[in-house]
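What follows is a short report on a single structure.
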Amino acid sequence: MIFLAKLGIGVLGTALVGGAALSSEGFIYVNVQEKHPGGTHVHVFVPAALVPTALHFVPRHNFADSAHDMRDALPIIDAAIPALNECPDGVLVEVKDPGEHVLVTKRGGSIIVDVNDPDETVHVSVPLIAAQSAIHQIAEARLMD
190 MIFLAKLGIG VLGTALVGGA ALSSEGFIYV NVQEKHPGGT HVHVFVPAAL
240 VPTALHFVPR HNFADSAHDM RDALPIIDAA IPALNECPDG VLVEVKDPGE
290 HVLVTKRGGS IIVDVNDPDE TVHVSVPLIA AQSAIHQIAE ARLMD
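Everything in the sequence shown is counted per our numbering, starting at 190 for the first residue and increasing by one.
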């Protein structure tokens with residue numbers, strides 16, 4: 190009986206440490222709601238630490254043009270992301286057109302994009318550190334070929 194208790198504590202401890210590691214970079218949240226009757230509602234909430242692993246499964250040729258463009262911008266991105274982390278929370282960009290509204294904000298360590306148009310409502314929240322990591326991985330993809 191004591192063996193089972195120790196085994197249970199070991200399994201629970203491993204699950205807690207694994208959960209803490211997965212959530213260490215924050216979470217990516219995507220919510221898309223189509224506005225027409227019977228429209229699709231997509232709701233995704235995943236640990237940002239999974240992004241680098243998921244990018245390994247994307248064929249490298251899909252990154253060809255993006256990798257070249259991103260490599261040129263890496264110094265700017267590497268300077269901007271720490272600066273964004275340090276700046277106060279608030280609105281970064283807001284675009285209002287008849288029937289459309291786009292809002293890009295910084296909250297905590299995340300960039301949040303909200304889009305509201307006649308067809309759908311979109312909300313995306315991405316931790317800055319995860320975005321920087323993914324950008325570097327995509328930029329380096331072509332170098333690995």
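By construction, the Cβ of each residue, glycine as well, lies at the ideal position given by its N, Cα and C atoms. This one's a predicted model, so the numbers in the text were calculated from it and none came from an experiment.
Minimum Cβ-Cβ distance from residue i to chain E less than 9 Å
i    : result
V311 : Of the protein chains in the structure, only one exists, and it is not chain E.
Status (buried if at least 16 other CB within 10 Å, exposed otherwise) for residue i
i    : result
P316 : buried
I191 : exposed
CB contact flag (residue i, residue j, <9 Å)
i    : j    : result
V291 : V302 : yes
A262 : A319 : no
S314 : I300 : yes
Cut-off 7 Å between Cβ atoms - residues of its own chain near residue i, not counting five sequence neighbours on either side
i    : result
F234 : F216 and Y218
I324 : M259 and I266
DSSP beta-bridge partners of residue i
i    : result
L292 : E283 and D303
P226 : The partner list for P226 (beta bridge, DSSP) is empty, contrary to what the question assumes.
I217 : V235
S314 : Y218 and I301
E329 : None; E329 has no bridge partner.
Nonlocal neighbours in the same chain, by C-beta distance under 6 Å from residue i, ignoring five residues either side
i    : result
T310 : Q222
S255 : I327
V305 : It should be noted that the sequence gives Asn, not Val, for residue 305. Same-chain partners within the cutoff: H290.
A272 : none
V282 : V293
V231 : V221
Residues near residue i in its chain [Cβ-Cβ closer than 8 Å; skip 5 each side]
i    : result
P307 : K224, G288 and E289
G199 : none
G228 : Q222 and E309
Give, in chain order, every unbroken run of the alpha helix (DSSP H) that is at least 4 residues long and sits entirely within the stretch 233–288. Counting whole runs of 4 or more residues, the stretch 233–288 contains the alpha helix (DSSP H) stretches 240–244 and 253–275.
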